[in-house]
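See below for the structure under consideration.
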Amino acid sequence: MRKTVAIYPGSFDPVTNGHLDIIQRGAKLFDEVIVAVLVNSEKAPLFTAEERVNMIRAILAEQRLAVRVDTFDGLLVTYAQKQNAQVIVRGIRAVSDYEYELQMALMNRRLAPGIETVFMMPSEAYSFLSSRLVREVFTLGGSVEGLVPRLVEEMLRCKIEGRGGAGE
Ligand code: PNS
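The sequence shown: position 95 = 100 (the numbering used here), numbered continuously.
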């Protein structure tokens, strides 16, 4: 039987416990999940693509999941086709996410009718959580404990206190 490969794309700047929750749920449903980190975005990211990938890899290394971490640029569906993926996974936290996600899912379906988008809900404990808020709260001196893995907290500290740091 053909294995089902799902792409979980995003900026992951940085990865949060909400993202990890979706990765774990996705790994139960699909034979392989590819976490695909967007490289070229219009937004200037806090972490380089390499740092984002290294953090996710290091965090997932402790878990025995059928998950691969990669980068992509250009059209998501082109990348998904190259990986022979049948599914795009996106996390939906609240109704407010739905409109944008629906737009993207329908555009992706128009571009690649063979690829299905599957929306998954993270634990309600993370329903308010976003990378943007993590960056903002941390930068302004607030605690993000329990919202991101320890490694991410350390990397935020290095980055924001200007000490550098390159992933694992
Ligand atoms: O975590 P994000 O920033 O919400 O992820 C958005 C992402 C990376 C999924 C989206 O911007 C994307 O797919 N970008 C790649 C370019 C593309 O395919 N654009 C058309 C989408 S309809």
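Glycine included, C-beta positions come from ideal geometry on N, C-alpha and C. Being a predicted model, the structure only gives us computed values, none of them experimental.
Q) In this structure, does DSSP put Phe-143 in helix, strand or coil? A) Your numbering for residue 143 matches position 138 in the sequence shown. Three-state DSSP puts Phe-143 in a helix.
**Q.** Other residues of its chain near Val-82: CB distance less than 7 Å, five sequence neighbours each side excluded
**A.** In the sequence shown, counting from the first residue as 1, residue 82 sits at position 77. Hits under 7 Å: Asn-113, Leu-116, Ala-117, Ile-120.
Q.
Suppose you measure from the CA of Met-109 to the CA of Lys-164; what does that come to, to the nearest Å?
A. Within the sequence shown, residue 109 is the residue found at index 104, counting from 1. Within the sequence shown, residue 164 is the residue found at index 159, counting from 1. Taking the Cα positions, Met-109 is about 31 Å away from Lys-164.
Q) Helix or strand or just coil, what does DSSP make of Glu-173? A) For this step, residue 173 is matched to residue 168 along the sequence shown. Here Glu-173 scores only 44 on pLDDT, less than 50, and its place in the model should not be relied on; the value that follows carries that caveat. The answer is coil: DSSP assigns Glu-173 none of H, G, I, E or B.
Q) In three-state DSSP terms, what is Val-20? A) For the purposes of this step, residue 20 is taken as residue 15 along the sequence shown, with counting starting at 1. In the structure shown, Val-20 sits in coil (DSSP, three-state: anything other than H, G, I, E or B).
Q: Could you tell me which residues DSSP puts in a beta bridge with Ala-41?
A: As a first step, residue 41 is located in the sequence shown; it is residue number 36 there, counting from the start. Note: Ala-41 sits in a beta bridge opposite Pro-14, Asp-75.
Q: Just tell me which of Lys-8, Glu-159, Ser-136 has its CA closest to the CA of Ala-71.
A: Within the sequence shown, the letter at position 66 stands for residue 71. Of the listed residues, the one whose Cα sits closest to Ala-71 is Lys-8.
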